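Residue numbers (my numbering): 364 to 813.
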């Protein structure tokens, strides 16, 4: 019995120690995306396989949706191109020689919106119950792959009138989410023509955070990001593209789905390929995400950072990660205004030079505190090494970062309470690691006496 108690305590403590392993959310499905800490889904929506190489050159690794498919020709072409696929579940895809590239099935797009009645008008959305039934049927057909469900902008905007009779009914969404394993949504504030949304990039973060909250963190959350005119005369800038992508990740998104179509100034399915500056922006964002995938796939550290914004109208949203002895702090300004942010991280001692990733500069961190400036919707990504002889600590997991502020804004955003403890000095062992070592020693001594 005593040995069992020691074993249970040791096992529990091992779960509390961050040993640098970054789990991915796809390990539970044998035929899904790679259970590789260096993989992060970077997708395009409903594109022709003929453009696969052009998108691959931008860092895209996944096609979501295949027009009038999937067909064998589409799957074969995308397999040759080295792309993964998320597509409808049909008999061809289930038995295709190229089915190894199919990593997820998908429900019909935006079932939460009002649906065409076939006579030029619109009826109510598809009910959550129907989506759950479709999900069950798809899992019956193949349970080795997840099912992706993409929802509309009502996820982030309660007043989205495109939901018809279900406008202002956000309570529908937790029920819809029962019909998918990967749940995504789309809202495009730069190109929106609705006054409530236009220019308010913070709705992107709000939608992601709602999906995480509504699913209690149990669903894999993705979201779509704009990068073309879509239906507007406005073209997102490279800075806005970067902001929306990182805002998504900081709020909990585990996959970026680039929406590259546009209808203005004329229709183009691969509309992004018209704009070299935006192609470069998407390529740069994808490359940075890929380089940080092992960090992003690791647990979020809760309760170890506070953030204060000098401008009460520009809150700051943070996400903290740890990889080895390095601490990563990802920050986005959640309104279109300038501010200075002051950040305090527990468990850091001494003085460090923190690299601001991708910006060619650094900031000085003293006793865990530093400041930096932000432009509207600006993003900074910090890599902070442990001080010599000190520790950054091995933090716990859980969802982190402060909540998306309401439209009125707020002055600061801090991490959720809880999470792992801060680091110690000396040899750099946390309390949990030291206790684990002690338990191991006691166990070895007891066994040696048998």
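Ideal Cβ positions, reconstructed from N, Cα and C, are used throughout, including at glycine.
If you're wondering where the values come from, they're calculated on a predicted model, not measured in any experiment.
Closest Cα partner of residue i within the set the options
{"i": "residue 683", "options": "394, 408, 747 and 591", "result": "747"}
{"i": "residue 423", "options": "711, 714 and 649", "result": "649"}
{"i": "residue 473", "options": "491, 392 and 459", "result": "491"}
{"i": "residue 744", "options": "712, 709, 691 and 710", "result": "691"}
{"i": "residue 740", "options": "733, 728, 672 and 718", "result": "672"}
{"i": "residue 623", "options": "658, 520 and 426", "result": "426"}
{"i": "residue 450", "options": "410, 419 and 417", "result": "410"}
{"i": "residue 466", "options": "404, 394 and 436", "result": "394"}
Per-residue DSSP class, three states only, for residue i
{"i": "residue 452", "result": "coil"}
{"i": "residue 686", "result": "strand"}
{"i": "residue 418", "result": "helix"}
{"i": "residue 444", "result": "helix"}
{"i": "residue 437", "result": "helix"}
{"i": "residue 492", "result": "helix"}
{"i": "residue 744", "result": "strand"}
{"i": "residue 518", "result": "helix"}
{"i": "residue 765", "result": "Below a pLDDT of 50, predicted positions are generally treated as unreliable, and residue 765, at 39, falls in that range; no measurement from the model is reported."}
{"i": "residue 772", "result": "Here the model assigns residue 772 a pLDDT of 36, short of 50, so the residue's position is not dependable, and the following value carries that caveat. Reduced to three states, the DSSP call for residue 772 is coil."}
{"i": "residue 584", "result": "strand"}
{"i": "residue 623", "result": "coil"}
{"i": "residue 461", "result": "coil"}
{"i": "residue 677", "result": "coil"}
{"i": "residue 553", "result": "coil"}
{"i": "residue 479", "result": "strand"}
{"i": "residue 792", "result": "With a pLDDT of 36 at residue 792, under the threshold of 50, the predicted position of this residue should be treated as unreliable, though the coordinate-derived value follows. If DSSP states are grouped into helix, strand and coil, residue 792 belongs with coil."}
Span of the beta strand (DSSP E) around residue i
{"i": "residue 406", "result": "405-408"}
{"i": "residue 704", "result": "702-708"}
{"i": "residue 699", "result": "Premise fails: residue 699 is in no beta strand (DSSP E) and is neither H nor E."}
{"i": "residue 426", "result": "425-427"}
{"i": "residue 715", "result": "714-719"}
{"i": "residue 548", "result": "545-548"}
{"i": "residue 592", "result": "Counting along the chain, residue 592 falls outside any beta strand (DSSP E), and DSSP gives it neither H nor E."}
{"i": "residue 672", "result": "668-672"}
{"i": "residue 466", "result": "465-469"}
{"i": "residue 393", "result": "Counting along the chain, residue 393 falls outside any beta strand (DSSP E), and DSSP gives it neither H nor E."}
{"i": "residue 528", "result": "From DSSP, residue 528 is part of no beta strand (DSSP E); its letter is neither H nor E."}
Residue range of the alpha helix (DSSP H) that includes residue i
{"i": "residue 642", "result": "639-654"}
{"i": "residue 566", "result": "565-577"}
{"i": "residue 602", "result": "601-613"}
{"i": "residue 735", "result": "Premise fails: residue 735 lies in the beta strand (DSSP E), 732-737, not in any alpha helix (DSSP H)."}
{"i": "residue 538", "result": "535-539"}
Cβ-heavy atom distance, residue i to the ligand COA, below 7 Å
{"i": "residue 476", "result": "Looking for the ligand COA in the displayed structure turns up nothing, as the structure carries no ligands at all."}
Inter-residue CB distance, residue i and residue j (contact presumed, cutoff 8 Å)
{"i": "residue 699", "j": "residue 562", "result": "7 Å"}
{"i": "residue 828", "j": "residue 415", "result": "No answer is possible for residue 828: it lies beyond the span of the chain, which begins at 364 and ends at 813."}
{"i": "residue 428", "j": "residue 469", "result": "7 Å"}
{"i": "residue 730", "j": "residue 705", "result": "Rounded, the Cβ-Cβ distance is 13 Å, inconsistent with contact."}
{"i": "residue 551", "j": "residue 593", "result": "6 Å"}
{"i": "residue 590", "j": "residue 645", "result": "6 Å"}
{"i": "residue 588", "j": "residue 617", "result": "No, residue 588 and residue 617 are not in contact; Cβ-Cβ is about 14 Å, not under 8 Å."}
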